[in-house]
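Before any comments, here is the structure.
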Amino acid sequence: MHAITEYIESYLGSNLTPGAAGNFFWATVYILLVFLGLSVAVIAMNWLERKILAHMQVRLGPMRVGPHGLLQPIADALKLLLKEDIIPAGADVTVFWMAPFIVVLAAFTVFVVVPFGPTHAITDMNIGILFMLGVSSLSVLGIVTAGWASNSHYPLIGALRSSAQMVSYEVAMGLAVISAIMMTSLSGRGTLSMIGIVEAQLAEHRWFLFKFFPLGLVAFGIFAVAMVAETNRAPFDLPEAESELTAGFHTEYSGFRWSLFFLAEYSAMIAVSSIAVTLWLGGWLRPFPNALTGPTWDLVFSLIPGITFLFIAGLCFYSTVRMPKHPLFRIQTMGLAGFGALLSLIGLILLIPAVRVRIGDVFWFSAKVAGFMYLYIWYRGTFPRYRFDQLMKVGWKVLLPTGLFLLIATATWAMRSEVWTEVVVPVWLGLVDLLRRIF
Amino acid sequence: MNPLVANPPVATPFFFYLLAAVMIVGGILVITRKNAVHSALALITTLLAQAGLYLMLYAPFVAGVQIILYAGGIMVLFLFVIMLISIERAQKERQFNKQWAVGIAAAAALGGLFIAVYTTRTQGRVLFPQGRVSYVEGDNTQRVATLLFDRMNGTYMFAFEIASLLLLVAIIGAVVMAKKRI
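Going line by line, the protein sequences match chains A and B. Last residue of the first sequence: number 439 in this note's numbering, and the count goes up by one each step with no gaps. Last residue of the second sequence: number 1182 in this note's numbering, and the count goes up by one each step with no gaps.
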């Protein structure tokens, strides 16, 4: 018994991720926490997407289940679990069963290396970013097999579109990622590890978004476009274009299996957003970690998580007051007040000194990822869907050449002194010499 | 504390046998399934298990590239092509090239070669080293990069570039042959 508690406590003093410390107990705890957090995030995303889209289109969105439709995701999940599970006649049953699991496995495995903080990651791999790109590219297999196994035309076409799209945009995405990795290697700390990349940004006193001024921004731009295409979201949601293909590759899926696809899509969105946050937006670092230093600024920034929750709780209380004073709305009003109380409780817990010191990095990481999630919804509310040939044109004729040029430009600019002394000057001298001999 | 000291090595024989068994079963499924999509899925399993073997050899970079290129890239294109074929008709057709005798002979010869190499002793030594040099898992990527690109030790730069040029030629050739009007 003593040995077990000692094993559990031995990790607490170390400055390592549980994977690096080789502590199976804490690794399991972290995996469960990440799984739980992701599920909550997907549920919240479901509600937020419907609400925000509705407000963008001047609608109310879900209002019936719970106050302001807050319980709608739970109702949806229950509905999906209770639905009949249909396997179409002539479907390849084994492959049809496997496909959703491949997609979910690929989407969740990626989070093994996502750094929520210097020690708040399940593990840190030497090939972190490579692992993320590789495993997330496996989700195409699930989509393709799902479309094929359904033995139906719409899913097959959706699967073909999706595989063509994801393979095309992976190239541009990879080029943008390489440009960011190259930026880490310039300070002599070249690494593929996700934690290492954020630490390089801390050491260089700037996010890679602003490094080599326009270059980092361009790389981020390429990634930001490619990641929307990778996750099959609007305006690049051709694989599930409902006006043409009903629902694309998951047309024939229903109930629990369909909800697995849903879960995988949203966690894949969170995964690619966290790649973008790690590579260009400083990962878990709070704003201005090097410029605004000192105990006062530390205190100010560490109070922000709690205050954010208290602010949202305040909004809840405000709407509670504004609820109609009709007896039919009594339960809804009480529910909203209860939700506000829950949020303010979380906010108060986050203000406790011992908690706020440890939770800061996770908060900043999640806040940045949440920004991307909002962008996803915004895109969906704003942009019309692309046509397939336009999509391919953007991928191969715009993003790919830009990415290649960017890669060369980053390398050249980074090695500018070497390029000057070893390429430009010798070539110039040679030319001058040649001209002298001719004339 | 040094994390490597605290960590028990993951590369236990159990995982080797597990991955090797997955690879062999996957390989057999690839050639015995009549449905081409099932064959392709079995091949993907084999390739993923192979990536696991690379990890056991402390070569995470090679494992990552294996997953990205083969499992995530090439096999997706395989599936893409296979899905466009009418599988039902292909399944009913009799297999026309009967090469299993030659295949078994070739496989047996290769297996015999492996066993021969493994058991051969030259000057009282086996060819395979008894113990394994234990590399630090962490610096495999850096080693690959140094071998490829370093100014002093970069012996493989030329070969690397030639190989990529070869691929470029193949791509251009494919485009020229497939497209009538460029």
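For each residue, glycine too, the CB sits at the ideal point set by N, CA and C.
Next item on the list: Give the DSSP-derived three-state secondary structure of residue 1143 (chain B) in the structure shown.
Entry: helix
Note to self: DSSP three-state label for residue 1015 (chain B), please.
What the structure shows: helix
Note to self: Can you give me the C-alpha to C-alpha distance between residue 1187 (chain B) and residue 399 (chain A), rounded to a whole angstrom?
What the structure shows: This structure cannot settle anything about residue 1187 (chain B), because the visible part of chain B is limited to 1001 through 1182.
Next item on the list: Output the residue ranges of the alpha helix (DSSP H) runs that lie fully inside the stretch 88-152 of chain A and measure 4 residues or longer, sorted by chain position.
Entry: 93-109, 128-137 and 139-149
Item checked: CB contact check: residue 1141 (chain B) to chain A, cutoff 8 angstroms -> yes
Next item on the list: Would you mind giving the Cβ-Cβ distance between residue 434 (chain A) and residue 175 (chain A), rounded to the nearest angstrom? I have them listed as a contact below 8 angstroms.
Entry: The pair is not a contact, with the Cβ atoms about 36 angstroms apart (cut-off 8 angstroms).
Checklist line | Whole alpha helix (DSSP H) elements within the stretch 1014-1075 of chain B, 4-residue minimum | finding: 1036-1056 and 1060-1066
Notebook entry, point to check: Going by DSSP, which residues form a beta bridge with residue 436 (chain A)?
Noted result: According to DSSP, which records beta bridges pairwise, residue 436 (chain A) is partnered with nothing at all.
Check: How close, in whole Å, do the beta carbons of residue 410 (chain A) and residue 182 (chain A) come, if the pair is a contact with beta carbons under 8 angstroms?
Finding: 5 angstroms
Next item on the list: Would you give the residue range spanned by the alpha helix (DSSP H) that residue 378 (chain A) belongs to?
Entry: 353-382
Check: With a Cβ-Cβ cutoff of 8 angstroms, do residue 1051 (chain B) and residue 1026 (chain B) count as a contact?
Finding: no
Next item on the list: Please determine, among A:11, A:49, A:144 and A:85, the residue with the shortest C-alpha to C-alpha distance to residue 253 (chain A).
Entry: A:85
Margin query: What are the residues in the stretch 113-143 of chain A lying within 8 angstroms of chain B by C-beta distance?
Written below: 125, 126, 127, 130, 131, 133, 134, 135, 137, 138, 140 and 141
Notebook entry, point to check: Roughly how many angstroms lie between the CA atoms of residue 128 (chain A) and residue 55 (chain A), to the nearest whole one?
Noted result: 38 angstroms
Notebook entry, point to check: Roughly how far, in whole angstroms, is the beta-carbon of residue 94 (chain A) from the beta-carbon of residue 17 (chain A), given that I think they are within contact range, below 8 angstroms?
Noted result: No, residue 94 (chain A) and residue 17 (chain A) are not in contact; Cβ-Cβ is about 37 angstroms, not under 8 angstroms.
Margin query: What are the residues in the stretch 151-178 of chain A lying within 9 angstroms of chain B by C-beta distance?
Written below: 156, 159, 160, 163, 164, 166, 167, 170 and 174
Next item on the list: Show which residues of chain B have a CB atom less than 7 angstroms away from the CB atom of residue 28 (chain A).
Entry: In chain order: nothing, as chain B lies at least about 16 angstroms away.
Next item on the list: Using only alpha-carbon positions, find the residue among B:1031, B:1113, B:1142 and B:1080 that is nearest to residue 149 (chain A).
Entry: B:1080
Item checked: Simplified DSSP state of residue 165 (chain A), which is helix, strand or coil -> helix
Item checked: Extent of the continuous alpha helix (DSSP H) to which residue 22 (chain A) belongs -> Taken as a continuous stretch (DSSP letters only), residue 22 (chain A) belongs to no alpha helix (DSSP H), as it is neither H nor E.
Notebook entry, point to check: Can you name, in chain order, every residue of its own chain whose Cβ lies under 7 angstroms from the Cβ of residue 88 (chain A), other than the five neighbours on each side?
Noted result: 150, 151, 152 and 252
Item checked: Contacts around residue 178 (chain A), its chain only, beta-carbon distance under 8 angstroms, and the 5 residues preceding and following it disregarded -> 407
Notebook entry, point to check: Looking at residue 107 (chain A) and residue 267 (chain A), is the spacing between their C-beta atoms short of 8 angstroms?
Noted result: yes
Checklist line | Contact the stretch 196-210 of chain A vs the stretch 423-439 of chain A: 3+ CB pairs below 8 angstroms | finding: no
Next item on the list: Mind listing the chain B neighbours of residue 95 (chain A)? Cutoff is C-beta to C-beta under 8 angstroms, in chain order.
Entry: 1037, 1038 and 1041
Checklist line | Where the alpha helix (DSSP H) containing residue 302 (chain A) begins and where it ends | finding: 295-322
Check: By Cβ distance, which residues of its chain are closer than 6 angstroms to residue 1019 (chain B), with the 5 residues on each side in sequence left out?
Finding: 1049, 1052 and 1053
Notebook entry, point to check: How many whole angstroms separate the CB atoms of residue 172 (chain A) and residue 250 (chain A), which I take to be in contact at a CB cut-off of 8 angstroms?
Noted result: Between residue 250 (chain A) and residue 172 (chain A) the Cβ distance is about 25 angstroms, and since that is not below 8 angstroms, they are no contact.
Notebook entry, point to check: With 8 angstroms set as the bound, which would you pick, yes or no: does the beta-carbon of residue 145 (chain A) sit closer than that to a beta-carbon of chain B?
Noted result: yes
Check: Per the contact definition of three or more C-beta pairs closer than 8 angstroms, is the stretch 66-86 of chain A in contact with the stretch 329-338 of chain A?
Finding: yes
Checklist line | residue 60 (chain A) versus residue 51 (chain A) - alpha carbon distance | finding: 7 angstroms
Margin query: Quick test of the definition: if touching needs 3 or more C-beta pairs under 8 angstroms, does the stretch 312-326 of chain A touch the stretch 377-393 of chain A?
Written below: no
Note to self: My output table needs one value for residue 17 (chain A): the three-state DSSP class, helix, strand or coil.
What the structure shows: coil
Next item on the list: Following the continuous alpha helix (DSSP H) through residue 199 (chain A), name the residue where it begins and the one where it ends.
Entry: 194-203
Next item on the list: For residue 1077 (chain B), return the contacting residues in chain A, with the cut-off set at a CB-CB distance below 9 angstroms.
Entry: 163 and 167
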